[in-house]
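Colleague:
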Amino acid sequence: MGKILRRTFLIGSAAVGGGVAIGYWQVTKPYPNPLKSRLKDGETALTPYVIVAKDGVTIVAPRSEMGQGVRTTLAALVAEELDVDLNAIKVINGPASKAYYNSMLMEEAAGQAATDVSAGAERMRNATKVIAKIMGSQATGGSTAIPDAFERMRSAGAAARIVLTKAAAKSLGVSASELTTENGMVIAADGTSIAYTELAGEAANIKPPSNPPLREKSKWRYLGKSLDRLDMVEKCTGTAEYAIDVRLPDMAYATVRVNCHLGAGVKSYDASKAKARADVKKVVPVKNGLAVVSTNTWNAFQAVQDLEIEWEPAPYPVNDADIVASHRAAFDDKPDSQKRKDGDVEAVLAEGDIIETEYLVPYLAHATMEPMNAVAHLRDGKLDLWVGTQSPTRCLDVAKDLTGLDEDDIDIHTMYLGGGFGRRGEIDFVAQAIEVAKAMEGTPIKLVWSREEDMCHDMYRPLTLARFRGAIRDGKPAAFDMHVAASAAAIDAFERQGMNLNMADPTITQNAWDNPYKIDNYRVTGYRAKKALPVGFWRSVGASQNAFFQECATDELANAANADPLQFRLDMLDHEPSRKVLEAVAEMSGWGGALPEGRARGIAYYLSFGVPVAEVIEIVDTGAGLKVDKAFVAADVGLALDPRNIEAQLQSGVIYGLTAAIQGAITIEDGVVKQKNFNEYDAMRMYQAPSIDVRILENGPHITGVGEPGLPPAAPALANAIFALSGKRIRELPLNNSIAFI
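The sequence shown begins at 22 in this note's numbering and counts up one residue at a time.
Structure, rendered in structure tokens:
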């Protein structure tokens, strides 16, 4: 797959030839329906997303539910066209299968500006869907679940409805055109009705249409409305099952100690003390560490500390200062990318009278509330794996690699996720569980990381350094020059999947190069810093740091121009949906209105994942420290399928972004991550959280996802508010290193 993805050869080939380069039929034919080999007696899989049986209708929602409400919205997409009561159906995640590939995963690789809706740009985006189909990655991330599913899952529901209608027509001896459907029933003109559940057998022999017509928006019953979450009762009553809740007969419990010098291995070890414990069943070597198997998780946590291990040294600089120095050195190397170079930046800056700054953001952990864990049971030539994962097919691949089993002999049970944020797209902990299960074949193994292991063995948001130079001429921005140095999060993540990609890393300058600010002389350059800690996808990925750089620098330019920060941005924008969100957030927050002494507002805007978002943060000086009192968010999502859930996701992004801005930092001391638990890596508490008002706009050209776009503007809006209040410009995160918060 690395060869397929290398550079953009295939993207160009697919865009020009419509998939001819790799065979038109191979590209267009659907994957086999993975449900058909897994059906129980009396069940019929009408499509990969719909099962009908005597006892009801089941919808497969194949994206991971990690609190973002995606299972409800995906089920609604099918239910809308299938014509069933959303509250009367069962929803499952389904098996790990390429049939559920995420068609949107590679869109960033197209290299098209989000604001470019030209025919050529659309062809390139469509070409990335060809690549995604070939990859067959069933994954949840990148705010892609809803745009990926919008057509596909409605089509699946419509196709199933047509099949059921044809089955009823055959049973009644009438034309299908004479029948209607409503709430899981097929209804004849004379009032005769047949439940879908009675038609499963007949429907099994009817081929579903490939491109069924879809209902007009005006006829939607569920979509476009705020829906009750289908998992609400489970989660309120404690019956929702996460991987960490799984219990099997005769289960053994494992945990690990892995070298805290990340990437380094074990020189030697003595397990005799641990093995002497009555509760210890086995000590198993795993990659870069050891696992201990015991009678329960607590005993395993205690026993693993009895291992005497000599570790290999850290393969990277052993403190923060040296890592930052290596990032500064990256600016002297050849650029990794320069996707925007408008005008002649150097000529303008050579005139003098410039603004020159440097920004720094630290490594960040994902810090999911549920630590990494998985349950693996290998017996009789079969493997069952229970795991909260953002990538079931990656789990399937590693299971095949480690066990040598065929795909048909492996079942991946995707559970609820106690937080993901990109971390559960990785499979290091899954591989460990399988390795231990291999060493104790026949015994179900539950492997759970301690919080300390979880915090110290992440794939972090990269530490990133940015240098900015800008110029104002006649009160207007004349030059904007941003240079960003970071280790390559995307390349690192793909290398862990076995792909050695020879390409620029898109996350280093993610959404910095294609923002719709119009300045005649505008340059964005990315530099790949030498890798220290392992890095990967963290909620909003590169947009999280690049928004801080861009929007703080924009505020500095506005201040130099003696301009209102809102109007300064509006004057630069050449993108109507972006202008609208700024105008909306200004109205919501009362921007420009007088505030009592000790209060101030800051504003920021960023376009990420196709969603323009503007935020205003209002702070107050309490005397004991700053309080983030209010937040206002306006976002253009293109089409709002579930407004209440969208509001919740945008609010969640603000909280996650403010947490990182105020106090988030992973630091290195003697080659080891210093932060071990939530006492050292805290989250924003309820008493610290602001009220958050949200306004949803629908002016954009495409339906979008909202799991991430609410996060990037939060940090710069807060930093800009601090400047407005105090005149102090803070250019390094976290902010609590420079100013006190309550």
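Cβ coordinates follow ideal geometry from the N, Cα and C atoms, glycine included.
Everything numeric in this text was worked out from a predicted model, so none of it was measured.
#1: So does the region 389–406 actually touch the region 453–465, counting three or more Cβ pairs closer than 8 Å?
#2: Do glycine 163 and phenylalanine 630 have their C-beta atoms closer together than 8 Å?
#3: Indicate the three-state DSSP secondary structure (helix, strand or coil) for glutamate 639 in the structure shown.
#4: Please report the distance separating the alpha-carbon of threonine 149 from that of aspartate 211.
#5: Does the beta-carbon of serine 293, which I'm using as the reference point, lie nearer than 7 Å to any heavy atom of the ligand NAP?
#6: Between threonine 435 and asparagine 114, how many whole angstroms is the CB-CB distance? I'm expecting something under 8 Å.
#7: Excluding the 5 residues preceding and the 5 following leucine 126 in the sequence, name in chain order all residues of the same chain whose CB lies nearer than 7 Å to its CB.
#8: Under the assumption that aspartate 657 contacts lysine 601 (Cβ atoms under 8 Å), give the Cβ distance between them as a whole number of angstroms.
#9: When the Cα atoms are used, what is the spatial distance from arginine 236 to threonine 201?
#10: Whose C-beta lies closer than 7 Å to the C-beta of leucine 671 among residues of the same chain, with five residues either side of it excluded?
#11: How many Å lie between threonine 213 and alanine 275 at the Cα?
#12: Curious, which full-length beta strand (DSSP E) runs of at least 3 residues does the region 428–492 contain?
#13: Secondary structure at isoleucine 215, three-state DSSP: helix, strand or coil?
#14: Have a look at aspartate 106 and glutamate 391 and give me their C-alpha separation to the nearest angstrom.
#15: Tell me whether lysine 50 sits in a helix, a strand or coil according to DSSP, three-state version.
#16: Go ahead and pull the three-state DSSP assignment for isoleucine 760.
#17: By a C-beta neighbour count over all protein chains shown, 10 Å radius and 16 as the cutoff for buried, is valine 138 buried or exposed?
#18: Tell me whether the beta-carbon of alanine 511 lies closer than 8 Å to the beta-carbon of asparagine 567.
#19: List the residues that DSSP assigns as beta-bridge partners of valine 396.
#20: Whose C-alpha, out of Leu103, Ala117, Pro711, Gly557, is nearest the C-alpha of arginine 242?
#21: In whole angstroms, what is the alpha-carbon distance linking isoleucine 344 and cysteine 281?
#22: Does the Cβ of glutamate 719 have 16 or more other Cβ atoms within 10 Å, making it buried, or fewer, making it exposed?
#23: Could you pull the start and end residues of the beta strand (DSSP E) that glutamine 709 belongs to?
#24: Can you tell me the Cβ-Cβ gap for arginine 361 and arginine 544, rounded? I've got them flagged as a contact below 8 Å.
#25: Quick one: measure Cβ to Cβ for alanine 625 and proline 734, integer angstroms, because I've assumed they're closer than 8 Å.
#26: Any chance you could list the alpha helix (DSSP H) runs of at least 4 consecutive residues sitting entirely within the region 81–148, in chain order?
#27: Which one of Gly491, Ala312, Glu668 has the shortest CA to CA distance from valine 304?
#28: So alanine 742 and isoleucine 751 are supposed to be a Cβ contact under 8 Å. How far apart are they, rounded?
#29: Assuming the contact rule is C-beta atoms closer than 8 Å, asparagine 394 and valine 469 should be a hit. Round their C-beta distance to whole Å, please.
#30: Can you name, in chain order, every residue of its own chain whose Cβ lies under 8 Å from the Cβ of alanine 290, other than the five neighbours on each side?
#31: What is the rounded straight-line gap between the Cα of glycine 284 and the Cα of alanine 335?
#32: From asparagine 700 to alanine 621, what distance separates their C-alpha atoms?
Modeller: By the coordinates alone:
#1: yes
#2: Working through the sequence shown from its first residue, we reach residue 163 at position 142. Working through the sequence shown from its first residue, we reach residue 630 at position 609. Against a cut-off of 8 Å, the Cβ pair of phenylalanine 630 and glycine 163 comes out as a contact.
#3: Within the sequence shown, numbered from 1, the residue matching residue 639 stands at position 618. Glutamate 639 falls in the strand class under three-state DSSP.
#4: Looking up residue 149 in the sequence shown gives position 128. Looking up residue 211 in the sequence shown gives position 190. Approximately 49 Å, taken between the alpha carbons.
#5: The model depicted lacks the ligand NAP and carries no ligand whatsoever.
#6: Locating residue 435 in the sequence shown gives position 414, where the first residue counts as 1. Locating residue 114 in the sequence shown gives position 93, where the first residue counts as 1. About 4 Å separates the two Cβ atoms, so the contact holds.
#7: Counting from one through the sequence shown, the residue named residue 126 turns up at place 105. Within the same chain, leucine 126 has close Cβ partners Ala153, Ser158, Ala160, Gly163, Thr165.
#8: Start at 1 with the first residue of the sequence shown, and residue 657 comes out as number 636. Start at 1 with the first residue of the sequence shown, and residue 601 comes out as number 580. At roughly 6 Å, the Cβ-Cβ gap stays under 8 Å, so aspartate 657 and lysine 601 are in contact.
#9: The count along the sequence shown starts at 1 and reaches residue 236 at position 215. The count along the sequence shown starts at 1 and reaches residue 201 at position 180. Cα to Cα, the separation comes out at about 14 Å.
#10: Locating residue 671 in the sequence shown gives position 650, counting from the first residue. Cβ within range, chain order: Val654, Ala656, Val715, Val727, Gly731.
#11: The count along the sequence shown starts at 1 and reaches residue 213 at position 192. The count along the sequence shown starts at 1 and reaches residue 275 at position 254. Rounded to the nearest angstrom, the two C-alpha atoms are 58 Å apart.
#12: 431–435, 466–469
#13: Mapped onto the sequence shown, residue 215 falls at position 194. If DSSP states are grouped into helix, strand and coil, isoleucine 215 belongs with the strands.
#14: As a position in the sequence shown, residue 106 is number 85, starting the count at 1. As a position in the sequence shown, residue 391 is number 370, starting the count at 1. Those two C-alpha atoms are separated by around 33 Å.
#15: In the sequence shown, counting from the first residue as 1, residue 50 sits at position 29. Lysine 50: coil per DSSP, three-state reduction.
#16: Locating residue 760 in the sequence shown gives position 739, counting from the first residue. Residue state, collapsed to three classes: coil.
#17: Stepping through the sequence shown from its first residue, residue 138 is reached at position 117. Label assigned to valine 138: exposed.
#18: If you number the sequence shown from 1, residue 511 lands on position 490. If you number the sequence shown from 1, residue 567 lands on position 546. Against a cut-off of 8 Å, the Cβ pair of asparagine 567 and alanine 511 comes out as no contact.
#19: Within the sequence shown, residue 396 is the residue found at index 375, counting from 1. In DSSP, valine 396 forms a bridge with Trp407, Lys467.
#20: Working through the sequence shown from its first residue, we reach residue 242 at position 221. The candidate whose alpha carbon is nearest that of arginine 242 is Leu103.
#21: Translated into the one-based positions of the sequence shown, residue 344 becomes position 323. Translated into the one-based positions of the sequence shown, residue 281 becomes position 260. For isoleucine 344 and cysteine 281, the distance between alpha carbons rounds to 17 Å.
#22: Taking the first residue of the sequence shown as 1, we reach residue 719 at position 698. Classification of glutamate 719: exposed, given that the 10 Å Cβ count is below 16.
#23: By 1-based counting over the sequence shown, the position of residue 709 is 688. No beta strand (DSSP E) holds glutamine 709; DSSP gives it neither H nor E.
#24: Position 340 of the sequence shown, counting from 1, holds the residue named residue 361. Position 523 of the sequence shown, counting from 1, holds the residue named residue 544. Their Cβ separation, rounded to whole angstroms, is 6 Å, which keeps arginine 361 and arginine 544 in contact under 8 Å.
#25: The residue given as residue 625 occupies position 604 in the sequence shown. The residue given as residue 734 occupies position 713 in the sequence shown. Confirmed, Cβ separation roughly 4 Å.
#26: 91–103
#27: Residue 304 sits at position 283 when you count from the first residue of the sequence shown. Minimum Cα distance to valine 304 is reached at Ala312.
#28: The residue given as residue 742 occupies position 721 in the sequence shown. The residue given as residue 751 occupies position 730 in the sequence shown. Not really, about 11 Å apart at Cβ, beyond 8 Å.
#29: Within the sequence shown, numbered from 1, the residue matching residue 394 stands at position 373. Within the sequence shown, numbered from 1, the residue matching residue 469 stands at position 448. With 8 Å as the limit, asparagine 394 and valine 469 qualify as a contact, their Cβ atoms being about 4 Å apart.
#30: Looking up residue 290 in the sequence shown gives position 269. With the sequence shown as reference, residue 290 is identified as tyrosine, and alanine is not the correct amino acid for it. Excluding sequence neighbours, tyrosine 290 sits near Leu311, Leu328, Glu329, Ile330, Glu331.
#31: Within the sequence shown, numbered from 1, the residue matching residue 284 stands at position 263. Within the sequence shown, numbered from 1, the residue matching residue 335 stands at position 314. The alpha-carbon atoms of glycine 284 and alanine 335 are separated by roughly 7 Å.
#32: Taking the first residue of the sequence shown as 1, we reach residue 700 at position 679. Taking the first residue of the sequence shown as 1, we reach residue 621 at position 600. Approximately 30 Å, taken between the alpha carbons.
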